Structures are given as structure tokens and as C-alpha cells.
Amino acid sequence: LSYEDYSAIEETAYLLRSPKNAKRLREGITSFNEGKGLERELIEVDE
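Here's what the structure looks like:
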């Protein structure tokens, strides 16, 4: 198991720990899979 994979698993567990957050994430994934997602361009921020 690579460090990146382990970190992804840890992040997923953290995000799903809260039932309210887990529900919101599931709803967002469902919406995206139904084609309701919006593509946006990232902006560059000068430091």
C-alpha cells in the first residue's frame, strides 16, 4: 500500500466520519453521476 493510497483512505474516513457530511457527499456524488455537475476553471492566486 503506497503512502498516497493510505492518505486517500485516511482522508475518506475523515470525511465520512460525520453522518451529515457523509450524506452531503453521497448526494453530491449522485448528482455528479446524473450529469448535474458543473466544470469550472481554477484561478491562479499570486502569493
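Quick note: the sequence shown uses this note's numbering, first residue 1494, plus one each step.
Here a beta-carbon is modelled for each residue, glycine too, at the ideal position from N, C-alpha and C.
Keep in mind the model is a prediction, meaning the values are calculated, not measured.
Pick helix, strand or coil for residue i, following the three-state DSSP scheme.
| i | result |
| --- | --- |
| residue 1528 | coil |
| residue 1500 | helix |
| residue 1534 | coil |
| residue 1520 | helix |
Is the shortest distance between the beta-carbon of residue i and the beta-carbons of chain D less than 8 Å?
| i | result |
| --- | --- |
| residue 1516 | Of the protein chains in the structure, only one exists, and it is not chain D. |
How long is the line joining the alpha carbons of residue i and residue j, rounded to whole angstroms?
| i | j | result |
| --- | --- | --- |
| residue 1529 | residue 1519 | 14 Å |
| residue 1500 | residue 1540 | 27 Å |
| residue 1496 | residue 1506 | 15 Å |
| residue 1533 | residue 1523 | 19 Å |
| residue 1537 | residue 1510 | 32 Å |
| residue 1494 | residue 1531 | 33 Å |
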